[in-house]
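Mapping to the working numbering: the sequence shown position 103 is 83, numbers consecutive.
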Amino acid sequence: MASDDSGYSAGAVVLSFFIGSLVGAGLAVLLAPASGRETREKIKGWADTGKDRIAGLGGELKEKAAHVFEHGKEYYEQRKQILSSAIEAGKEAMEKEKSRLSATESETTTATD
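Here is the structure:
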C-alpha cells in the first residue's frame, strides 16, 4: 500500500493527520475560555514535556547510533580480515603457479636443447 489513487503515500496522509491534530490542539488551547496566565502555563507544561521527551529520544538515538556503529565496525573488521586472508591465499597460489610454470618451462627448454 505505497500510495492510493490520489498519488499521496500512506505516510504523507498519516503525517498530515498528525500535524492537523497538533494544530487543532493548539488552537483549542488558545481559544478555550481561560485566562492568559493559565493558557501560558498549559503551553509551558506541554513545551517542557515535549522537551523532556525529545531529550530522552536524543539519548536513545545516541545509544542506538553507538551500538550500530560498533556493530558496523566489528563487521568491517571481520570482512577486512576475511578479504586479507583471501588476498594472501591468492598471492600464495599465484606464486606456486609461477614456480610450477617456471619449472615446467625449464624442463621444456632443457628437453629441447
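The beta-carbon is built from N, C-alpha and C at its ideal position, and this holds for glycine as well.
If we ignore side chains and look at the alpha-carbon of each, how far apart do residue i and residue j end up?
i, j, result
"G70", "S86", "24 Å"
"D(-16)", "E57", "Here the model assigns D(-16) a pLDDT of 46, short of 50, so the residue's position is not dependable and the matter cannot be decided."
"G0", "I67", "58 Å"
"S82", "T90", "12 Å"
"L(-9)", "R33", "For the sequence presented, residue -9 should be read as Gly rather than Leu. Cα to Cα, the separation comes out at about 22 Å."
"L11", "E54", "55 Å"
"A35", "L63", "41 Å"
Just checking my contact of residue i with residue j at CB under 8 Å: how many whole Å lie between their CB atoms?
i, j, result
"V9", "K22", "6 Å"
For the candidate residues the options, whose alpha-carbon lies nearest to that of residue i?
i, options, result
"G6", "V(-7), R20, A35", "R20"
"L2", "H51, E40, A27, S64", "A27"
What beta strand (DSSP E) runs, 3 residues minimum, are completely inside the region 18 to 66? none
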